[in-house]
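Residue numbers (our numbering), protein chains in the order written: chain A, 1 to 118; chain B, 119 to 233. No residue lacks a Cβ here, since even glycine has one placed at the ideal position from N, Cα and C. Note that the coordinates shown come from a computational prediction; the quantities given were computed from them, not determined experimentally.
Structure, rendered in structure tokens:
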């Protein structure tokens with residue numbers, strides 16, 4: 001265990017379903033991230049949260065909806081997904097956002113949720 | 119233009135042989151460089167990072183990388199690999215985007231160590 005826990009580990013859902021991915025960290029980190037990892041493609045940053053506020057949203061379709069109720073929890077709500085959304089979704093946290101100075105730039109990743117859309 | 123490029127998508131190598139995984143970065147990005155490893159069915163784990171100082175960086179599991187500014191490279195090396203090193207390796211750089219700097223990854227190199 002890295003300190004970042006993602007559930008579920010595997011998820012199969014139909015295109016009309018609604019589901020949520022959960023990420024939890026108790027490392028005292030203030031920033032949390034959602035990444036999408038598709039086969040043969042670089043990791044894509046989807047969302048960035050700092051102190052429960054969304055900082056970045058990298059042109060992600062609205063069928064993905066993040067939620068950060070507190071600094072320890074991050075959710076990714078899914079609805080009406082497409083088969084091309086099948087991927088490994090990784091959550092990460094860091095002590096704070098990457099800014100100049102005073103940061104070790106350490107990210108801690110969870111093990112991911114393997115999502116299959118049928 | 120891609121900020122970080124991993125030139126080899128797959129690298130097979132025999133056990134106890136040396137290995138080098140190549141990474142080149144765009145000269146326009148900040149020179150904060152990282153290597154992460156991802157074992158099957160797991161998340162990413164930091165191997166090593168270069169922020170400043172000595173250009174030769176040593177990481178966990180016997181890996182090291184050398185920052186070469188003139189060649190804009192940050193290749194990962196290990197003198198003798200083990201079966202357990204079989205994994206996917208990602209090079210990453212810090213880039214500035216919007217209100218924060220972010221970690222941007224290459225497409226990964228699958229290292230397969232053969233017995």
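Whole-number beta carbon distance between residue 169 of chain B and residue 150 of chain B, since they are thought to touch under 8 Å: 5 Å
Secondary structure of residue 158 of chain B, DSSP reduced to three states: Coil.
Reduced DSSP category for residue 102 of chain A - H, G, I as helix; E, B as strand; rest coil: Low local confidence applies: a pLDDT of 42 at residue 102 of chain A is under 50, so the model's placement there is unreliable, and no value is given.
Short CB-CB distance (under 8 Å) between residue 42 of chain A and chain B: yes
Three-way DSSP call (helix, strand, coil) for residue 140 of chain B in this model: Correct three-state label for residue 140 of chain B: coil.
Beta-bridge pairing of residue 41 of chain A - partner residues as DSSP gives them: DSSP lists no partner for residue 41 of chain A.
Simplified DSSP assignment, three categories, for residue 56 of chain A: Strand at residue 56 of chain A.
Under the three-state DSSP convention, the category residue 61 of chain A falls into: Assignment of residue 61 of chain A by DSSP, reduced to helix, strand and coil, places it in the coil class.
The region 9 to 28 of chain A contacting the region 110 to 117 of chain A, beta-carbon criterion three pairs below 8 Å: Flag = yes, the region 9 to 28 of chain A and the region 110 to 117 of chain A touch.
Burial state of residue 221 of chain B (16 or more Cβ within 10 Å): buried
Proximity of residue 229 of chain B and residue 109 of chain A at Cβ, strictly below 8 Å: no
Between the CA atoms of residue 36 of chain A and residue 118 of chain A - distance to the nearest angstrom: For residue 118 of chain A and residue 36 of chain A, the distance between alpha carbons rounds to 18 Å.
Contact list for the region 67 to 90 of chain A against chain B, Cβ threshold 7 Å: 90
Inter-residue spacing [alpha-carbon to alpha-carbon] between residue 50 of chain A and residue 211 of chain B: 20 Å
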